[in-house]
Amino acid sequence: MVNVSDYIIPIIIAVIMTYGIIKGVDVYSEFINGAKDGIKTIFKILPYIIAIFFAINLFTKSGAENFVIKIISPIANLIKFPPQLLSLVIIRPLSGGGAYGVVKNLLDSYGADSYIGRCAAVMMGSAETIFYTAAVYFGAIGVKDSRYTIKAGLISHVAAIAAALVICKIYF
Numbered sequence: 010m011v012n013v014s015d016y017i018i019p020i021i022i023a024v025i026m027t028y029g030i031i032k033g034v035d036v037y038s039e040f041i042n043g044a045k046d047g048i049k050t051i052f053k054i055l056p057y058i059i060a061i062f063f064a065i066n067l068f069t070k071s072g073a074e075n076f077v078i079k080i081i082s083p084i085a086n087l088i089k090f091p092p093q094l095l096s097l098v099i100i101r102p103l104s105g106g107g108a109y110g111v112v113k114n115l116l117d118s119y120g121a122d123s124y125i126g127r128c129a130a131v132m133m134g135s136a137e138t139i140f141y142t143a144a145v146y147f148g149a150i151g152v153k154d155s156r157y158t159i160k161a162g163l164i165s166h167v168a169a170i171a172a173a174l175v176i177c178k179i180y181f
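Position one of the sequence shown corresponds to residue 10 (this note's numbering), numbered consecutively onward.
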């Protein structure tokens, strides 16, 4: 039996190359120019990526994350928010990789079928790495003032976390 998904990308590449040849475009030269632009973009956004990774590591390794969790825990307990998920709520807007590490630790500690594990999985899929994404995209195009982007992203993060908890409470 033929698996169509194995052929999708080669077909798309063939269609693009055929279209370029029909239009009289030197496909190879355009590919090389695109690769050069890609490398320029990498060097342009690299300082922003390094800065965000440095900030994330500084935040977690300095103990600031644990300090924030200790401050927020009483409020979380008051509104019946599982305090075990606070680390994920704090790290997710900063780093996808760091958030995956937090989720892995939660799943190892509580299990994938626990309420904590399920909430962590839903939160991971519901929220975005706001600061990392903003740093990379805005750094790539040279935007200095993000205006309302970070505020809107944080509001969406809070909404995603609240929705994840409510959905997990109802569904599981």
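Glycine residues also receive a C-beta, built at the ideal position from the N, C-alpha and C atoms.
query, result
"Where does Asp-46 sit, in a helix, a strand or coil, going by DSSP?", "helix"
"Taking 9 Å as the threshold (C-beta atoms), are Thr-138 and Ser-165 in contact?", "no"
"At 3 residues or longer, and completely inside the region 72-103: list those beta strand (DSSP E) runs for me, N to C.", "none"
"Is the Cβ-Cβ distance between Ala-85 and Leu-97 less than 9 Å?", "no"
"Check the C-beta distance from Tyr-124 over to Cys-177 and give it rounded, since I have them as a contact under 8 Å.", "7 Å"
"Quick check: what's the CA-CA separation for Ile-100 versus Phe-76?", "13 Å"
"Tell me the rounded alpha-carbon separation between Gly-47 and Pro-92.", "42 Å"
"Give the DSSP-derived three-state secondary structure of Phe-140 in the structure shown.", "helix"
"When burial is assigned at 16 or more other CB atoms within 10 Å of the CB, is Tyr-201 buried or exposed?", "Shown here, the chain extends from 10 to 181; a query on residue 201 therefore has no answer."
"By Cβ distance below 7 Å, which residues in the same chain neighbour Phe-140 in space, the five residues on each side in sequence not counted?", "Ile-61, Pro-102 and Leu-103"
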